[in-house]
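Novice: Residue numbers (our numbering): 7 to 85. Cβ coordinates follow ideal geometry from the N, Cα and C atoms, glycine included. Dumping the structure here so I can ask a few things about it.
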């Protein structure tokens, strides 16, 4: 199990003893890391657009905020 978590056995045992669990985070390929950075850039840009048009079109602002929330949840699932 320690190999799945990317940890040495001693570090795995230490974290298991301290926290009671160790999350296995899969190793991401370079392509997956690039996609993650792209999603982060999209979130940042959508937030900037929302800030620019906040008072002009509240409906569009809400739609953009929902999109940013979806992208954020996707990022959290990746990690």
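Could you pull the start and end residues of the alpha helix (DSSP H) that residue 86 belongs to?
Specialist: Here the chain comprises residues numbered 7 to 85, so residue 86 is not present and cannot be evaluated.
Novice: Tell me, please, whether the segment 49 to 68 touches the segment 25 to 36 by the rule of three or more beta-carbon pairs shorter than 8 Å.
Specialist: no
Novice: Please determine whether the Cβ atom of residue 56 lies at a distance below 7 Å from any heavy atom of the ligand GTP.
Specialist: No copy of the ligand GTP appears in this structure; indeed no ligand is present at all.
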